[in-house]
Structures are given as C-alpha cells and as structure tokens.
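Numbering (the numbering used here), first residue to last: 3 to 242.
Backbone N, C-alpha and C fix where the C-beta goes; we use that ideal spot for every residue, glycine too.
The structure presented is a predicted model; accordingly, all values stated were derived computationally and were not measured.
Here is the structure we will look at, set down as structure tokens.
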C-alpha cells in the first residue's frame, strides 16, 4: 500500500523584491487556520537555495541560470514535493475548509481550472490544470518526470516571450503536455481535482469577487469549494 500525502503545507515567497504583501499574508493565514495539525512551511529565497544545494546539487546550474525568477519559483515547488511531499499552494489561494477528504487514497494531485480557461489558452485537451495548488507523496514518478523535463537544456534554451517561456518550461503547459503524453496506467495514479472544489471562479469571476460583488452566480460557484484561486498573476507584471 502506498504512503499517504504528508500533512505539510508549502508556500513560497522569496522576499528578494519585497516582503510578503498584507493581502497574501491574510490569505496564507487561512491555510494555517484550516489545517490544524499540519506542518506549515513558508519558503524564502535562502531556504530555497540551501534546499537545492543540499538535496539537488545536480540541478543547481540550471536552477541558477533560468532567465526569470518565476521559473525558479515554479521549479523549486516540484523539488520540494518530490523530496518532502505535502501540499504546495500559491499565496493567491484562500482556504475555505480542509481538503483531507479529497486527498484520501490519492498520491499526486493537481487543480483543474474552469472550462473557460481551456478556451482562452486554446488547448486541445480534456482538462486544463495548473501548478498553483498541488499535492503529492514523496518521490512520485510523475513529479520526477516533471523535474527531468524542467531541469533540461531544452528548457534552459527555450526561445519566446516571458509568458510562453514560463508556461512551456516550468509552468502549467509543461505539466499538461507531460500528463497527456502519459499512459492510461500512469494517469490512474494522478488525480485532477475538479474545479468546483479548488478553482470555483474563472479569471473574470475572481476579479469580480475580489472587487466585492455579491451575486447568486458567484454564490453558486462557491457551493462546494474547499479553496479559491484569485489569479493575481503577479509573475506577469515584471521582467525578472
């Protein structure tokens, strides 16, 4: 019988450009509140560097050479889940209630995005999912496959805009390509969490909710939500 997902929550804020904004600190507190008994780790830049140097020195050169910081913040989350297991969650996510029941008998999990996002991204796939909320046992084969592709010369040499570079080398599009290239047997071991549980709003709905809108439409979206992604997308706003 396989091990269960470790009760550890990981969040990343490097601190190299600015301290954690108050809105993210507030959202981060919701995970501490709802996951009583879980270990909570907030990773800063020094912790991430020390972690790579200690456990994955073979990947340090590529980690250090990525042209964009967000690629490092993407890449480190896969290494953390591979080594320690647990749940990784972005700071623009709010916990509504514990997801323990969703993770029961699951070994590697990703959050599906709303149907409207599949149309926006023009991806010819059944489901669009992301790396903003993930959970995994230690050493899961799919996470290792992700790491092998992230830490490759092909990823380092990718040519294109920042947006396409990040999405295709360390972000969600890489994950989706690897998942949909997997065998049916391999996919059986990966749980794509329905959006109604973890991504109840699309981009526009999340913006309206953050702006204070109260409507039956938005309330209906929240009926079965364990968590809400607000899609701040801070990484798109700078060139670092």
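- Counted as a single uninterrupted DSSP element, the beta strand (DSSP E) harbouring residue 11 occupies residues 10-14.
- Under DSSP, the beta-bridge partners assigned to residue 42 are 11.
- For the 8 angstroms CB-CB criterion, residue 230 and residue 202 form a contact.
- Going by C-alpha positions, residue 58 is about 18 angstroms away from residue 171.
- Per DSSP, reduced to three states, the secondary structure at residue 142 is coil, with no helix or strand assignment.
- For residue 88, the enclosing beta strand (DSSP E) starts and ends at 88-91.
- Taking residue 167 as the centre and dropping the five residues before and after it, the same chain places the C-beta of 160 closer than 6 angstroms to its C-beta, in chain order.
- Under the Cβ criterion (8 angstroms, minimum of three pairs), the region 39-46 does not count as touching the region 55-73.
- Scanning its chain for C-beta atoms nearer than 7 angstroms, with the 5 sequence neighbours on each side dropped, one finds around residue 73 the residues 168, 171, 172, in chain order.
- Under a 10 Å Cβ-count criterion, residue 182 is classified as exposed, with fewer than 16 other Cβ atoms of the shown protein chains found around its own Cβ.
- The continuous alpha helix (DSSP H) containing residue 181 extends over residues 174-182.
- Counting of Cβ neighbours within 10 angstroms places residue 113 among the buried residues, the total reaching 16 or more.
- Per DSSP, residue 219 is one residue of the alpha helix (DSSP H) stretching across 218-223.
- If you compare the alpha carbons of 207, 142, 204, 151 with that of residue 193, the shortest gap goes to 142.
- 8 angstroms or more divides the Cβ of residue 11 from the Cβ of residue 87.
- Sequence-distant Cβ neighbours of residue 82 in its own chain, meaning closer than 6 angstroms and more than five residues away, are 12.
- The DSSP-derived three-state label of residue 58 is coil.
- Nearest to residue 28 by alpha-carbon distance, out of 67, 78, 97, is 97.
- Taking 8 angstroms as the cut-off, the Cβ atoms of residue 109 and residue 191 count as close.
- Residue 180 places its beta carbon less than 8 angstroms from that of residue 148.
- Looking at 94, 35, 52, the one whose alpha-carbon comes closest to that of residue 212 is 94.
- In the displayed model, residue 80 falls within a helix according to three-state DSSP.
- Under a 10 Å Cβ-count criterion, residue 217 is classified as exposed, with fewer than 16 other Cβ atoms of the shown protein chains found around its own Cβ.
- Assigned with DSSP and collapsed to three states, residue 106 falls in coil, not helix or strand.
- Take residue 209, set aside five residues on each side of it, and the residues of its chain with a beta-carbon closer than 8 angstroms to its own are 233, in chain order.
- Contact annotation: residue 77 and residue 127 have beta-carbon atoms that are not nearer than 8 angstroms.
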